[in-house]
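There are 2 protein chains.
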Amino acid sequence: MANIRDLAKEAGVSVSTVSRVLNGYPYVSEEKRKAVWEAVEKLNYTKNIQAVHLAKGRTMIVGVMLPYIHHPYFSAVIEGISKEALRYGYQLLLFQTNYDVERELEALERLRMKQMDGLIVCSHEVGWEIFDAYQEEAPIVLCEQVTEYDFFTVYIDHYQAFAKALHYLVKKGHRRIGYCIGRRTGPNSQAREAAYQDVLRDVGVTPQRQWIFDGCLFLEDGKRVIEQWMAMEERPSALLVTSDQVAAGIVLEARRIGVRIPEELTIIGFDNDPLAEMLGITTVALPHFTLGEKAFRLLHHWLETGNVPRKQEELPTRLVVRATG
Amino acid sequence: MANIRDLAKEAGVSVSTVSRVLNGYPYVSEEKRKAVWEAVEKLNYTKNIQAVHLAKGRTMIVGVMLPYIHHPYFSAVIEGISKEALRYGYQLLLFQTNYDVERELEALERLRMKQMDGLIVCSHEVGWEIFDAYQEEAPIVLCEQVTEYDFFTVYIDHYQAFAKALHYLVKKGHRRIGYCIGRRTGPNSQAREAAYQDVLRDVGVTPQRQWIFDGCLFLEDGKRVIEQWMAMEERPSALLVTSDQVAAGIVLEARRIGVRIPEELTIIGFDNDPLAEMLGITTVALPHFTLGEKAFRLLHHWLETGNVPRKQEELPTRLVVRATG
DNA sequence: GCTTGACTTGAAACGCGTTTCATCCATTAT
DNA sequence: ATAATGGATGAAACGCGTTTCAAGTCAAGC
Numbered sequence: 001m002a003n004i005r006d007l008a009k010e011a012g013v014s015v016s017t018v019s020r021v022l023n024g025y026p027y028v029s030e031e032k033r034k035a036v037w038e039a040v041e042k043l044n045y046t047k048n049i050q051a052v053h054l055a056k057g058r059t060m061i062v063g064v065m066l067p068y069i070h071h072p073y074f075s076a077v078i079e080g081i082s083k084e085a086l087r088y089g090y091q092l093l094l095f096q097t098n099y100d101v102e103r104e105l106e107a108l109e110r111l112r113m114k115q116m117d118g119l120i121v122c123s124h125e126v127g128w129e130i131f132d133a134y135q136e137e138a139p140i141v142l143c144e145q146v147t148e149y150d151f152f153t154v155y156i157d158h159y160q161a162f163a164k165a166l167h168y169l170v171k172k173g174h175r176r177i178g179y180c181i182g183r184r185t186g187p188n189s190q191a192r193e194a195a196y197q198d199v200l201r202d203v204g205v206t207p208q209r210q211w212i213f214d215g216c217l218f219l220e221d222g223k224r225v226i227e228q229w230m231a232m233e234e235r236p237s238a239l240l241v242t243s244d245q246v247a248a249g250i251v252l253e254a255r256r257i258g259v260r261i262p263e264e265l266t267i268i269g270f271d272n273d274p275l276a277e278m279l280g281i282t283t284v285a286l287p288h289f290t291l292g293e294k295a296f297r298l299l300h301h302w303l304e305t306g307n308v309p310r311k312q313e314e315l316p317t318r319l320v321v322r323a324t325g
Numbered sequence: 001m002a003n004i005r006d007l008a009k010e011a012g013v014s015v016s017t018v019s020r021v022l023n024g025y026p027y028v029s030e031e032k033r034k035a036v037w038e039a040v041e042k043l044n045y046t047k048n049i050q051a052v053h054l055a056k057g058r059t060m061i062v063g064v065m066l067p068y069i070h071h072p073y074f075s076a077v078i079e080g081i082s083k084e085a086l087r088y089g090y091q092l093l094l095f096q097t098n099y100d101v102e103r104e105l106e107a108l109e110r111l112r113m114k115q116m117d118g119l120i121v122c123s124h125e126v127g128w129e130i131f132d133a134y135q136e137e138a139p140i141v142l143c144e145q146v147t148e149y150d151f152f153t154v155y156i157d158h159y160q161a162f163a164k165a166l167h168y169l170v171k172k173g174h175r176r177i178g179y180c181i182g183r184r185t186g187p188n189s190q191a192r193e194a195a196y197q198d199v200l201r202d203v204g205v206t207p208q209r210q211w212i213f214d215g216c217l218f219l220e221d222g223k224r225v226i227e228q229w230m231a232m233e234e235r236p237s238a239l240l241v242t243s244d245q246v247a248a249g250i251v252l253e254a255r256r257i258g259v260r261i262p263e264e265l266t267i268i269g270f271d272n273d274p275l276a277e278m279l280g281i282t283t284v285a286l287p288h289f290t291l292g293e294k295a296f297r298l299l300h301h302w303l304e305t306g307n308v309p310r311k312q313e314e315l316p317t318r319l320v321v322r323a324t325g
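Those protein sequences? They're chains A and B, same order as listed.
Using UniProt numbering, you'd call the opening residue of the first sequence number 1 and step up by one each time.
Using UniProt numbering, you'd call the opening residue of the second sequence number 1 and step up by one each time.
Quick look at the structure:
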């Protein structure tokens with residue numbers, strides 16, 4: 001494989017001139033420019049991008065840390081990131097973690113090693129203090145609200161979103177309210193738990209432990225939830241479901257086994273997935289795609305200019321009332 | 001940022017010794033080994049991975065070319081790739097193309113530049129001859145059946161899968177059969193079109209142009225299909241739908257507007273998405289996740305050993321009969 | 001006629017880890 | 001006692017593009 005020095009020899013010019021031509025810099029005579037391109041042609045030359053990365057000290061690569069890809073939430077976020085990355089000529093390096101701390105640390109180490117110029121963290125398990133340590137060495141953008149540390153973040157205020165839905169339910173007269181969530185840990189989940197506790201306390205209702213359904217990520221989980229719900233002696237009259245996929249699973253299974261929604265069970269989903277629209281599920285619309293876009297733009301702006309108008313950006317949510325609640 | 005030479009100076013050893021220690025090679029005295037690690041600690045050293053890539057001539061990165069991410073089909077394939085990549089210590093670089101030829105070529109150029117050790121192509125628009133030219137320079141694995149060229153491929157035989165479903169419909173007495181597809185171009189689509197033409201010809205039925213519904217990728221598209229179907233004077237009695245998402249859209253909208261399935265319209269989906277199971281959609285199960293896994297393994301085996309047991313691998317499909325057909 | 005500035009061009013250093021090769025010492029085998 | 005062997009270590013080359021700096025040419029400005 002030919003390198004830039006072979007090119008220089010072939011074209012009868014210096015290495016620096018070749019570099020100038022290859023990168024379209026001015027101050028090269030037309031004659032030499034032509035000779036270099038002919039040499040490129042003749043030797044079937046391609047830049048070794050690793051050498052470029054090493055020399056430039058930057059890669060135009062952005063890392064994306066996320067637990068799973070095959071999930072509507074995360075694939076929407078990546079799609080948003082990807083769209084913007086494409087636009088600004090960046091590549092995306094994927095770090096699928098499955099919420100495994102080892103893998104999250106591996107991604108952060110890669111960042112330190114300068115494998116990428118920055119990292120977007122869609123969701124994570126390790127503590128913030130870890131990110132805090134790493135952010136001194138390279139740019140990191142988080143996709144969740146953080147109060148204790150000063151991070152670059154773009155986030156959905158899940159406390160507000162949850163509280164909004166809860167108030168709506170309370171106003172409709174519900175008191176036996178439960179919720180379904182993906183996992184209990186993680187800042188988003190904790191914000192929702194806090195909203196749940198706060199709102200119920202305000203209206204004088206004691207939350208029931210068993211009305212909180214854990215591990216709800218996919219359609220199938222909805223089926224499980226309704227089965228558990230059926231088996232309860234005291235059932236919640238309404239469920240907040242943090243994923244429309246799961247909400248759809250609940251609604252479909254409820255239909256199948258003859259549970260009337262919303263009469264017997266009110267369902268409010270989150271995301272505003274096309275599936276929710278199709279099934280008439282009341283839902284809180286969450287701007288996942290936009291989240292990805294904004295996260296990338298924030299990182300990009302930081303990388304290119306070294307400063308940003310503001311480090312935190314909150315994205316709005318909206319309650320979309322349909323048939324299920 | 002400290003480099004390996006600083007380390008050497010700090011530890012009072014040579015650069016090569018530092019390298020040996022860092023990479024766990026033998027033939028280093030315990031004493032010097034300790035000194036090097038102490039220097040690493042003291043100088044807060046991290047390898048510059050770009051330099052490693054350049055020196056080694058390989059990156060442990062595999063590229064993935066695909067049109068969209070936010071789609072159940074592709075996100076399942078990536079998930080499969082990602083799982084295996086993780087297992088073997090490779091990273092994934094994403095090339096989202098939107099079926100834009102420019103972007104596909106860009107990805108291939110990146111491969112030539114040695115940005116990654118190999119490329120997995122999930123779907124594409126450019127002609128095979130292009131891939132043929134590039135595969136001389138670097139390993140490429142395609143996820144579709146190719147007969148004219150000698151590629152590394154892992155594929156689902158879409159001709160067979162489609163024919164299987166068609167025969168099933170024909171045996172059930174259907175003659176007015178249409179289908180819904182994502183896009184008309186592309187080898188998979190052409191295989192399906194060929195199966196469609198062949199099977200219908202064999203049973204003496206003339207295919208109707210308007211019974212082929214194009215641009216069917218997402219749930220919402222199913223709604224559109226059923227609307228168009230309603231507006232037809234001569235309607236197909238059965239539809240093959242190449243995505244369960246779209247099939248689900250059809251089924252749900254049909255339910256909503258009172259079209260009886262399968263009495264008035266038989267639906268056979270593809271994928272065997274959880275949604276299909278939930279909705280009782282008869283479907284042809286396609287092993288997307290496995291496709292991703294096998295594609296990675298093929299590439300990996302090639303990269304590590306320089307040869308493979310066989311360059312082509314076909315994955316099985318299975319008709320899952322449920323309520324809609 | 002001399003200075004100034006724009007334009008060209010190349011040598012060399014730089015970014016940084018890996019790897020080869022030669023050297024030197026201390027054991028074993030003969 | 002001597003040759004062969006294993007272990008330890010460093011100098012230097014290598015992979016390859018970018019960038020800085022010095023130097024040289026030529027025409028416009030004073």
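By construction, the Cβ of each residue, glycine as well, lies at the ideal position given by its N, Cα and C atoms.
Keep in mind that this is a model prediction, so the values were computed, not measured.
Query	Result
For residue 336(B), decide whether its Cβ has a neighbour in chain A, counting only Cβ atoms nearer than 8 Å.	Outside the modelled stretch of chain B, which goes from 1 to 325, sits residue 336(B), for which no answer is possible.
Between the segment 35 to 51 of chain A and chain B, which residues of the former have a C-beta closer than 7 Å to a C-beta of the latter?	Thr46, Lys47, Asn48, Ile49, Gln50 and Ala51
Give me the DSSP bridge partner(s) of Asp271(A).	Ala285(A)
I need the straight-line Cα distance from Ala247(A) to Asp100(B), nearest angstrom please.	35 Å
Just the Cα atoms here: how many angstroms apart are residue 328(A) and Ile78(A)?	Because chain A is modelled from 1 through 325, residue 328(A) falls outside the range shown and cannot be assessed.
Would you identify the three-state DSSP class for Gly63(B), choosing helix, strand or coil?	strand
Tell me the rounded alpha-carbon separation between residue 330(B) and Pro26(A).	Residue 330(B) lies beyond the range of chain B shown here (1 to 325); nothing can be said about it.
Please confirm whether Gly182(A) and Cys143(A) have their CB atoms less than 8 Å apart.	no
Kindly indicate the opening and closing residues of the alpha helix (DSSP H) around Arg224(B).	Leu219 to Ala231
Straight-line CA distance for Asp221(B) to Arg318(B)?	25 Å
Out of curiosity, what's the CA-to-CA distance linking Val225(A) and Val141(B)?	41 Å
What residues from chain B crowd round Pro274(A), counting only those whose CB sits closer than 7 Å?	Phe218, Leu219 and Glu220
Return helix, strand or coil for Ile212(A), following the three-state DSSP convention.	strand
When the distance is taken between beta carbons, is Val251(B) closer than 8 Å to Thr324(B)?	yes
Following the continuous beta strand (DSSP E) through Gln153(A), name the residue where it begins and the one where it ends.	The amino acid at residue 153(A) is misidentified as Gln; the sequence shows Thr. That run of the beta strand (DSSP E) goes Phe152 to Ile156.
Kindly indicate the opening and closing residues of the beta strand (DSSP E) around Gly178(B).	Ile177 to Cys180
I'd like to know whether the C-beta atoms of Ala165(B) and Leu240(B) end up nearer to each other than 8 Å.	yes
Who are the neighbours of Thr242(A) on chain B, taking C-beta pairs under 8 Å?	Ordered by position in chain B, no residue passes the 8 Å Cβ test against Thr242(A), which lies about 18 Å from the chain.
Would DSSP call Glu263(A) helix, strand or coil?	coil
Relative to the C-alpha of Glu264(B), which residue among Ala195(B), Ile177(B) and Ser243(B) is closest?	Ile177(B)
So, with DSSP's three-state summary, where would you put Glu136(B)?	coil
If you draw a straight line from the C-alpha of Ala85(B) to the C-alpha of Ile61(A), how long is it?	18 Å
Return the Cβ separation of Met278(B) and Leu219(A) in integer angstroms, given the expectation that the two are a contact with Cβ distance under 8 Å.	6 Å
Counting pairs of beta carbons, one from the segment 84 to 98 of chain B and one from the segment 149 to 167 of chain B, are three or more of them closer than 8 Å?	no
Can you pull the chain A residues whose beta carbon is under 9 Å from the beta carbon of Leu93(B), in chain order?	Ile61, Gln91, Leu92, Leu93 and Leu94
In terms of residues, what are the limits of the beta strand (DSSP E) holding Glu313(A)?	Gln312 to Leu315
Looking at Tyr155(B) and Ala195(B), is the spacing between their C-beta atoms short of 8 Å?	no
Could you confirm whether any beta carbon from chain B is found closer than 8 Å to the beta carbon of residue 339(A)?	The requested residue 339(A) does not occur in the structure, where chain A is confined to residues 1 to 325.
Could you confirm whether any beta carbon from chain B is found closer than 8 Å to the beta carbon of Ser19(A)?	no
Quick check on Gly24(B): buried or exposed, where buried means 16 or more other Cβ atoms within 10 Å of its Cβ?	exposed
When you compare the segment 104 to 118 of chain A with the segment 111 to 122 of chain B, are there three or more beta-carbon pairs, one atom per stretch, that lie closer than 8 Å?	no
Could you check whether the Cβ of His167(B) sits closer than 8 Å to any Cβ belonging to chain A?	no
For Glu84(A), decide whether its Cβ has a neighbour in chain B, counting only Cβ atoms nearer than 8 Å.	no
For Val13(B), count the other beta carbons within 10 Å of its own beta carbon; 16 or more makes it buried, fewer makes it exposed. Which is it?	buried
My guess is that Arg322(B) and Ile281(B) are in contact by the Cβ rule of under 8 Å, so how many angstroms apart are they, rounded?	6 Å
Cα-Cα, which of Thr283(A), Leu169(A), Gly57(A) and Lys294(A) is closest to Glu313(A)?	Lys294(A)
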